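S.K.: Going line by line, the protein sequences match chains W and R. To convert, take the position in the first sequence, counting from 1, and add 71; that gives my numbering. To convert, take the position in the second sequence, counting from 1, and add 121; that gives my numbering. Sharing a structure with you now.
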Amino acid sequence: MTRYDVIVVGAGPAGLSAAAEAAAAGARVAVFDENAKPGGQLFKQIHKFFGAKEHKAKIRGVNIGAELLAEAEGLGVTVFLNAPVMGLYKDREVLVRHADAVRRYKGDAVVVATGASENMLTFPGWTLPGVTGAGAAQTMMNINRVKPGHRVLMLGSGNVGLVVGFQLLQAGCELAAVVDAAPRVGGYGVHAAKLARTGVPFYLSHTVVRAEGTDRVTGVVVGQVDDTWNVIPGTEKRFDVDTICIAVGLSSSTQLLKMAGCALRDDGAGWLPVCADDGETSMARVYAAGDVSGIEEASSAMIEGRIAGAAAVRKLGFVTEEALAVRMAELESALESLRGGMFAPGRRGKIPDKTDEGLPISASLLSRGYLDDAEVDQYPGVKKTAGIRPVIECTQNIPCNPCRDACPKGCIKVEGGIVSLPVYDEKAGCAGCGLCVAACSGQSIFLVDDDTGGGAAEVTIPYEFLPLPGEGERGVALSRSGAALCPAEVVGVKQSPAYDKTALVTFRVPQEFAMKARFWRKEAVV
Amino acid sequence: MRLTNHPILGEAEARREVTFTFDGRAMTGFEGEPVAAALKAAGVVVHRYTKKNRSPRGVFCAIGRCTDCVMTVNGRPNVRTCVTPLEDGMAVATQYGAGEEAK
Ligand SMILES: Cc1cc2nc3c(=O)[nH]c(=O)nc-3n(C[C@H](O)[C@H](O)[C@H](O)COP(=O)(O)OP(=O)(O)OC[C@H]3O[C@@H](n4cnc5c(N)ncnc54)[C@H](O)[C@@H]3O)c2cc1C
Ligand code: SF4
Ligand code: SF4
Ligand code: FES
Numbered sequence: 072m073t074r075y076d077v078i079v080v081g082a083g084p085a086g087l088s089a090a091a092e093a094a095a096a097g098a099r100v101a102v103f104d105e106n107a108k109p110g111g112q113l114f115k116q117i118h119k120f121f122g123a124k125e126h127k128a129k130i131r132g133v134n135i136g137a138e139l140l141a142e143a144e145g146l147g148v149t150v151f152l153n154a155p156v157m158g159l160y161k162d163r164e165v166l167v168r169h170a171d172a173v174r175r176y177k178g179d180a181v182v183v184a185t186g187a188s189e190n191m192l193t194f195p196g197w198t199l200p201g202v203t204g205a206g207a208a209q210t211m212m213n214i215n216r217v218k219p220g221h222r223v224l225m226l227g228s229g230n231v232g233l234v235v236g237f238q239l240l241q242a243g244c245e246l247a248a249v250v251d252a253a254p255r256v257g258g259y260g261v262h263a264a265k266l267a268r269t270g271v272p273f274y275l276s277h278t279v280v281r282a283e284g285t286d287r288v289t290g291v292v293v294g295q296v297d298d299t300w301n302v303i304p305g306t307e308k309r310f311d312v313d314t315i316c317i318a319v320g321l322s323s324s325t326q327l328l329k330m331a332g333c334a335l336r337d338d339g340a341g342w343l344p345v346c347a348d349d350g351e352t353s354m355a356r357v358y359a360a361g362d363v364s365g366i367e368e369a370s371s372a373m374i375e376g377r378i379a380g381a382a383a384v385r386k387l388g389f390v391t392e393e394a395l396a397v398r399m400a401e402l403e404s405a406l407e408s409l410r411g412g413m414f415a416p417g418r419r420g421k422i423p424d425k426t427d428e429g430l431p432i433s434a435s436l437l438s439r440g441y442l443d444d445a446e447v448d449q450y451p452g453v454k455k456t457a458g459i460r461p462v463i464e465c466t467q468n469i470p471c472n473p474c475r476d477a478c479p480k481g482c483i484k485v486e487g488g489i490v491s492l493p494v495y496d497e498k499a500g501c502a503g504c505g506l507c508v509a510a511c512s513g514q515s516i517f518l519v520d521d522d523t524g525g526g527a528a529e530v531t532i533p534y535e536f537l538p539l540p541g542e543g544e545r546g547v548a549l550s551r552s553g554a555a556l557c558p559a560e561v562v563g564v565k566q567s568p569a570y571d572k573t574a575l576v577t578f579r580v581p582q583e584f585a586m587k588a589r590f591w592r593k594e595a596v597v
Numbered sequence: 122m123r124l125t126n127h128p129i130l131g132e133a134e135a136r137r138e139v140t141f142t143f144d145g146r147a148m149t150g151f152e153g154e155p156v157a158a159a160l161k162a163a164g165v166v167v168h169r170y171t172k173k174n175r176s177p178r179g180v181f182c183a184i185g186r187c188t189d190c191v192m193t194v195n196g197r198p199n200v201r202t203c204v205t206p207l208e209d210g211m212a213v214a215t216q217y218g219a220g221e222e223a224k
C-alpha cells in the first residue's frame with residue numbers, strides 16, 4: 072500500500088486547487104480522477120468567467136484549467152488519470168481501479184472533490200437518441216469537436232442551460248428555444264440576453280410534453296404549465312429539432328462520502344456532507360470541497376479546494392497555526408465576495424424585486440430573457456454623453472467586476488463590493504478602446520456613438536461567432552429580443568490579443584436605433 | 122458535423138485519420154477520439170437497442186456514467202463508446218439487448 076500525505080479524489084478545479092495548496096506547503100500529494108483528462112468541468116467552459124481578478128475573472132474556464140494543472144504539476148503533485156476511486160475506508164484508505172489492477176493507498180488526509188452529476192428529467196420519449204445532458208453536448212462540441220446536433224431545444228434556463236445554449240450557437244448549431252418550467256429565467260440576465268438578442272425565444276412556465284421520433288428525435292412538443300405544473304391544454308407548441316438538451320440542475324456526487332460513513336444532511340434539494348468551515352467532514356482529516364459539498368461555481372470550488380488543502384496540511388503539521396490563519400482569512404474573504412448578489416446560494420432562488428441600489432429588477436429580463444428598451448436608461452451603466460460611450464446593460468447584482476479593471480480611463484466603477492452594478496463615470500472620458508466590451512464576461516457592454524453624421528449612429532458589439540463579418544458587409548441590426556430592426560452596414564471589425572478571441576463588430580444604423588440595435592446578422596433585408 | 126474551426130477554440134489540430142467499421146460499413150474517424158464522437162461525426166446516433174422493448178439508445182452523458190452508449194466493439198459487448206478511444210481497424214456494431222446476438 073502506497074502512502075501519501077494528502078490524497079485528493081477528483082482532478083476538477085476543487086481537487087487540483089487542494090492539491091496545489093497542499094503541495095506548496097511541502098506535502099506529498101496524489102490526485103486520482105476517473106476521467107482520461109484532468110480539469111473536471113473546466114475544460115468544457117470556453118466562456119470568460121465572472122468574479123474578480125483573484126477569482127480569475129475574465130479568463131476562459133479552459134485556460135484556468137490549464138493554468139491550474141500546470142501549477143499542481145509544477146509543485147510535484149502526481150495526477151493519476153483513468154483511475155476511479157471505488158472506496159474510501161476508515162483510516163483514510165482508498166481503493167483505486169487502475170487499468171491494470173486495483174490498488175490501495177493511504178492518505179494522512181483525504182480531500183474528496185468528486186463534483187456533481189447532472190439531474191435528469193423524464194418525459195415521453197426521453198430515452199430516444201438525441202436527448203442528451205447539457206454536459207454531454209459540451210463534451211461533444213468543446214472537447215471532441217463534433218456538433219451535438221443541428222437544431223437543438225434547451226431545457227433549463229439556469230446558467231448551465233444558458234451557457235451551453237450560447238456554446239451551441241458558437242458551434243454553429245441552431246437553438247430553437249430555451250424552455251423552463253419555472254416562471255423566471257434561472258441564470259444570470261446577462262447570459263440570457265446574449266441568447267435573446269440572436270433571436271432565441273424563451274418559453275418560461277413551459278415544459279416538455281413529449282419528444283417525437285421512432286429511432287431518434289425528430290421533434291419536440293412543449294406546453295405551458297399551470298400553478299400545479301400541469302400542461303394547459305391548447306398551449307402545445309411543436310419544434311422541429313434533432314436534439315433536446317437537458318440542463319435541469321446538478322446533484323452533488325456524494326457516493327464516496329456516503330459509503331465511507333460521513334454524516335450527510337438533506338439540504339432540501341439533495342444530500343450534502345456535513346462539513347466544518349474548512350471542509351472537514353464528520354470523519355477526521357477527510358475533507359469535502361467543490362460541487363460535492365454544495366453546487367456552486369468553479370470560482371468557489373477553487374477557493375474551497377485551497378481551504379481544504381490548507382487545513383489538511385496544517386493538521387499534518389506542515390504549516391504553523393499562524394500561517395494558516397493568515398491564509399484562511401485571505402481565502403475566506405475571497406469566497407465571501409463570490410457568495411453575494413441576487414443569485415447567492417443563501418437566497419435559495421428567491422428573486423428580490425429591487426437591486427441593492429434600489430433600482431427595479433427588470434421583469435422582462437426575467438420572463439423573456441432581455442431588457443425592455445424603455446428600461447435601459449435607468450441603470451447606472453447607461454448615461455447619455457456626446458461621442459463614443461460605453462452602454463453597460465448589466466442590471467442584476469452578480470459577483471463580477473472585470474469591466475472595471477479593463478478600462479484604462481477609469482470610466483467604469485464597481486464600488487462597495489463586487490456585486491454592485493457597474494457605473495459609467497461620464498466625466499472620465501471614454502476613448503472608445505473597446506477593452507471593456509471584450510472583457511465583459513456577460514457580453515453586456517456595447518459602445519454607442521449616437522451621432523456619426525448624416526443621421527447615422529454606430530454601435531459596437533462583442534462578437535464570438537464564425538464567420539466574422541467583413542468591413543462594408545451589409546446585414547440587419549437586431550433588437551435586444553432578436554427582431555430585425557433595420558439595415559446595418561459593418562464599418563469596423565477589431566480583433567486583438569487583449570480581447571482574448573472576442574471580436575468587436577461596429578455597425579452603422581439610423582440614429583433612432585442607436586439604443587435599440589444590439590446584434591448584427593448577415594441577412595437580406597425584407 | 123465536425124467542427125474544423127471554432128470562434129474560441131480555433132482550428133482543430135491535425136489528427137491521424139483511421140478507418141473502422143460500423144455494422145460492417147467502412148467509416149473514418151480520428152485515432153484516439155471517443156468511438157462515439159467518430160460515430161456522431163458520421164451521423165450515427167443509434168448505438169444499441171434495449172433487450173426489453175427494443176427501444177433505441179444513443180449518447181446521453183458522454184462521460185462514461187450512464188451506459189446508454191454501449192456497443193459491441195471488436196466482438197466484445199457492453200463497451201462504453203463515449204470513453205473508448207478509436208483505434209485503426211476497430212469493428213463497431215449496434216448492440217441488441219445485452220449483446221448476446223452480436224455476431
Ligand atoms: C455549462 C456550465 C457552465 C459553467 N460556468 C461557470 C462559470 O462561468 N463560472 C464558474 O465559476 N463556474 C461555472 N460552472 C461550474 C463549474 O464548472 C463547477 O462548479 C466546477 O467545475 C466544480 O468543480 P469541482 O472540482 O467541484 O467538480 P468537477 O469539475 O465536476 O470535477 C470533479 C472531478 O472528479 C472526478 N471524479 C468524480 N468521482 C470520482 C471518483 N469516484 N474517482 C475518481 N474521480 C472522480 C470527475 O471525473 C471530475 O474530473 C459551470 C458549469 C457548467 C456545467
Ligand atoms: S471603450 Fe475603453 S475607454 Fe471607453 S469605457 Fe470601455 S474600456 Fe473605457
Ligand atoms: S458589465 Fe461588468 S459586472 Fe456586468 S457582466 Fe460585464 S464585466 Fe461583469
Ligand atoms: S453516453 Fe453515458 S456512458 Fe456513454
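The C-beta atom is built at its ideal place from N, Cα and C for all residues, glycine as well. In this text, all values refer to a predicted model and were calculated from it rather than measured experimentally.
Just how far apart, CA to CA, sit C507 (chain W) and I516 (chain W)?
M.R.: Working through the first sequence from its first residue, we reach residue 507 (chain W) at position 436. Working through the first sequence from its first residue, we reach residue 516 (chain W) at position 445. Looking at the two C-alpha atoms, the distance is approximately 7 Å.
S.K.: Just how far apart, CA to CA, sit T299 (chain W) and G229 (chain W)?
M.R.: Numbered from 1 along the first sequence, position 228 holds the residue referred to as residue 299 (chain W). Numbered from 1 along the first sequence, position 158 holds the residue referred to as residue 229 (chain W). Spanning the two alpha carbons is a distance of roughly 21 Å.
S.K.: Between the Cα of L239 (chain W) and the Cα atoms of W:E407, W:G204 and W:A400, which residue gives the shortest distance?
M.R.: Within the first sequence, the letter at position 168 stands for residue 239 (chain W). It is W:G204 whose Cα lies nearest to the Cα of L239 (chain W).
S.K.: Identify the contact partners of A135 (chain R) in chain W, using a Cβ-Cβ distance below 7 Å as the criterion.
M.R.: Numbered from its first residue, the second sequence carries residue 135 (chain R) at position 14. What A135 (chain R) touches in chain W: nothing, since even the nearest Cβ is about 12 Å away.
S.K.: Does the distance from the CB of L113 (chain W) to the CB of A369 (chain W) come in under 8 Å?
M.R.: Position 42 of the first sequence, counting from 1, holds the residue named residue 113 (chain W). Position 298 of the first sequence, counting from 1, holds the residue named residue 369 (chain W). Yes. Within cutoff.
S.K.: Is N126 (chain R) near ligand 1, judged by its Cβ being under 7 Å from some heavy atom?
M.R.: Taking the second sequence and counting its residues from 1, one reaches residue 126 (chain R) at position 5. Flag unset: Cβ of N126 (chain R) not near ligand 1.
S.K.: Determine, using beta carbons only, whether R592 (chain W) and L549 (chain W) come nearer to each other than 8 Å.
M.R.: As a working note, residue 592 (chain W) is residue 521 in the first sequence. As a working note, residue 549 (chain W) is residue 478 in the first sequence. Contact flag set, yes.
S.K.: L207 (chain R) CB to nearest chain W CB: under 8 Å?
M.R.: Here residue 207 (chain R) corresponds to residue number 86 of the second sequence, with the count starting at 1. Not an interface residue.
S.K.: Is there contact here, the region 118 to 126 of chain W with the region 99 to 109 of chain W, by at least three beta-carbon pairs under 8 Å?
M.R.: The region 118 to 126 of chain W, when compared against the region 99 to 109 of chain W, does not touch it at the 8 Å Cβ threshold.
S.K.: Listed in chain order, which residues of the region 530 to 543 of chain W have Cβ atoms closer than 7 Å to some Cβ of chain R?
M.R.: For the region 530 to 543 of chain W, which is checked against every Cβ of chain R, the residues closer than 7 Å are E535, F536 and L537.
S.K.: Report the residue from W:N213, W:D313, W:A334 and W:P473 whose alpha carbon sits nearest the alpha carbon of E132 (chain R).
M.R.: On the second sequence, position 11 is the one that residue 132 (chain R) refers to. Among W:N213, W:D313, W:A334 and W:P473, the Cα nearest to that of E132 (chain R) belongs to W:N213.
S.K.: On a CA-only basis, which of W:Y274, W:I432, W:K455 and W:V291 is nearest A282 (chain W)? Give me that one, please.
M.R.: For the purposes of this step, residue 282 (chain W) is taken as residue 211 along the first sequence, with counting starting at 1. For the residues W:Y274, W:I432, W:K455 and W:V291, the minimum Cα distance to A282 (chain W) belongs to W:V291.
S.K.: Which runs of the alpha helix (DSSP H) spanning at least 4 residues fall entirely within the region 198 to 273 of chain W, listed in chain order?
M.R.: Runs found: 205 to 209, 230 to 241 and 260 to 267.
S.K.: If we cut at 8 Å on Cβ distances, does A509 (chain W) have a partner in chain R?
M.R.: On the first sequence, residue 509 (chain W) is found 438 positions in, with the first residue counted as 1. So, not an interface residue.
S.K.: Just by C-beta distance, which residues in the region 217 to 248 of chain W are closer than 8 Å to chain R?
M.R.: Flagged, chain order: V217, K218, P219, Q241, A242 and G243.
S.K.: What is the DSSP secondary structure of Y45 (chain W), reduced to helix, strand or coil?
M.R.: This structure cannot speak to residue 45 (chain W), because chain W is shown only from 72 to 597.
S.K.: Under 8 Å, Cβ to Cβ, is there at least one residue of chain R near R131 (chain W)?
M.R.: Taking the first sequence and counting its residues from 1, the one referred to as residue 131 (chain W) is at position 60. Output row for R131 (chain W): interface = yes.
S.K.: Within 8 Å of any Cβ in chain R, is that where the Cβ of T210 (chain W) sits?
M.R.: In the first sequence, the residue the question calls residue 210 (chain W) occupies position 139. Yes, T210 (chain W) lies at the interface with chain R (some Cβ there is under 8 Å from its Cβ).
S.K.: Below 8 Å on the Cβ atoms is my guess for K129 (chain W) versus P473 (chain W); work out the distance and round it to an integer in Å.
M.R.: For the purposes of this step, residue 129 (chain W) is identified with residue 58 of the first sequence, where counting begins at 1. For the purposes of this step, residue 473 (chain W) is identified with residue 402 of the first sequence, where counting begins at 1. Yes, K129 (chain W) and P473 (chain W) are in contact; Cβ-Cβ is about 4 Å, under 8 Å.
S.K.: Do the region 190 to 209 of chain R and the region 154 to 165 of chain R touch if we need at least three Cβ pairs shorter than 8 Å?
M.R.: Flag = yes, the region 190 to 209 of chain R and the region 154 to 165 of chain R touch.
S.K.: E138 (chain R) to G150 (chain R), Cα distance in whole Å?
M.R.: Position 17 of the second sequence, counted from the first residue, corresponds to residue 138 (chain R). Position 29 of the second sequence, counted from the first residue, corresponds to residue 150 (chain R). Spanning the two alpha carbons is a distance of roughly 6 Å.
S.K.: Under DSSP, the beta strand (DSSP E) around N190 (chain W) begins and ends at which residues?
M.R.: Within the first sequence, the letter at position 119 stands for residue 190 (chain W). First-last for N190 (chain W): undefined, no H or E at that position.
S.K.: Using a Cβ-Cβ distance under 8 Å, would F181 (chain R) count as near chain W?
M.R.: One-based indexing of the second sequence puts residue 181 (chain R) at position 60. So, interface residue.
S.K.: For S512 (chain W), count the other beta carbons within 10 Å of its own beta carbon; 16 or more makes it buried, fewer makes it exposed. Which is it?
M.R.: Within the first sequence, residue 512 (chain W) is the residue found at index 441, counting from 1. With 16 or more Cβ atoms within 10 Å of its Cβ, S512 (chain W) is classed as buried.
S.K.: Within 8 Å of any Cβ in chain W, is that where the Cβ of V204 (chain R) sits?
M.R.: Position 83 of the second sequence, counted from the first residue, corresponds to residue 204 (chain R). Yes, its Cβ sits closer than 8 Å to a Cβ of chain W.
S.K.: Where DSSP assigns a beta bridge to R175 (chain R), which residues make up the other side?
M.R.: Taking the first residue of the second sequence as position 1, residue 175 (chain R) is located at position 54. Bridge partners of R175 (chain R): none, in fact.
S.K.: Between the alpha carbons of V312 (chain W) and P254 (chain W), how many angstroms are there, rounded?
M.R.: On the first sequence, position 241 is the one that residue 312 (chain W) refers to. On the first sequence, position 183 is the one that residue 254 (chain W) refers to. Spanning the two alpha carbons is a distance of roughly 23 Å.
S.K.: Under 8 Å, Cβ to Cβ, is there at least one residue of chain W near K161 (chain R)?
M.R.: Numbered from its first residue, the second sequence carries residue 161 (chain R) at position 40. Judged by the 8 Å Cβ criterion, K161 (chain R) is in contact with chain W.
S.K.: Return no unless some Cβ of chain W is closer than 8 Å to the Cβ of N195 (chain R).
M.R.: For this step, residue 195 (chain R) is matched to residue 74 along the second sequence. So, not an interface residue.
S.K.: Any Cβ of chain W within less than 8 Å of the Cβ of T149 (chain R)?
M.R.: For the purposes of this step, residue 149 (chain R) is taken as residue 28 along the second sequence, with counting starting at 1. No - not a single Cβ of chain W is within 8 Å of the one on T149 (chain R).
S.K.: Give a yes or no on whether the minimum CB-CB distance between R38 (chain W) and chain R is below 8 Å.
M.R.: Outside the displayed span of chain W (72 to 597) sits residue 38 (chain W), for which this structure offers no information.
S.K.: Just by C-beta distance, which residues in the region 179 to 193 of chain W are closer than 8 Å to chain R?
M.R.: Per Cβ criterion, the list reads S188 and E189.
S.K.: What I want to know is whether the C-beta of L442 (chain W) ends up closer than 7 Å to one or more non-hydrogen atoms of ligand 1.
M.R.: Numbered from 1 along the first sequence, position 371 holds the residue referred to as residue 442 (chain W). Outside the cutoff, so no.
S.K.: Is R592 (chain W) close to chain R? Criterion is C-beta to C-beta, closer than 8 Å.
M.R.: Indexing the first sequence from 1 puts residue 592 (chain W) at position 521. No - not a single Cβ of chain R is within 8 Å of the one on R592 (chain W).
S.K.: Quick one: measure Cβ to Cβ for G553 (chain W) and V271 (chain W), integer angstroms, because I've assumed they're closer than 8 Å.
M.R.: Here residue 553 (chain W) refers to the residue found at position 482 when the first sequence is read from its first residue. Here residue 271 (chain W) refers to the residue found at position 200 when the first sequence is read from its first residue. Between V271 (chain W) and G553 (chain W) the Cβ distance is about 7 Å, and since that is below 8 Å, they are a contact.
S.K.: Nearest chain R C-beta to N215 (chain W) closer than 8 Å, yes or no?
M.R.: Taking the first sequence and counting its residues from 1, one reaches residue 215 (chain W) at position 144. It does: the Cβ of N215 (chain W) has a partner Cβ on chain R nearer than 8 Å.
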